[in-house]
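Below: one structure, written as structure tokens.
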Amino acid sequence: NDTEWNDTAWKGTDSSKRFNELVIAARAELDDAKRREMYVECQTLINDDGGTICPMFANYINAMDKSVSFPDQTAANWNLDGGKMMERWWFS
């Protein structure tokens, strides 16, 4: 379990071993539905037994409404304004 994504030292459990097997298999899986299920299981394993708190799994959807205002200058990673969106954006 000495993998490059193991920054929380999550190893030695049945779940961590299953996770590593699933990640490798999912990367090679060509069937979209099957690959999705494999990644869902990976996320479940991380949530239930992993070494980090995962409050959400981003699906990279972004939307804006005219009622949301923000400063003239935003961070380079515009979608979240450098993690300051909650402090710097407002409803107009």
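The sequence shown begins at 1 in this note's numbering and counts up by one. Cβ coordinates follow ideal geometry from the N, Cα and C atoms, glycine included.
In the DSSP assignment, the alpha helix (DSSP H) including residue 38 goes from what residue to what residue?
32 to 49
Does the contact criterion of 3 or more C-beta pairs under 8 Å hold for the stretch 40 to 50 versus the stretch 19 to 29?
Counting Cβ pairs under 8 Å, three or more are found: they touch.
Own chain, CB closer than 6 Å to residue 90, minus 5 neighbours either side, in chain order:
Annotation for residue 90: 69 place their beta carbon closer than 6 Å to its own, counting only its chain and skipping 5 residues before and after.
By DSSP, does residue 19 sit in helix, in strand, or in coil?
Here residue 19 sits in helix by DSSP.
Pick from 77, 76, 74, 46: whose alpha carbon is nearest that of residue 20?
46
Taking C-alpha atoms, which residue in 81, 64, 65 lies nearest to residue 72?
81
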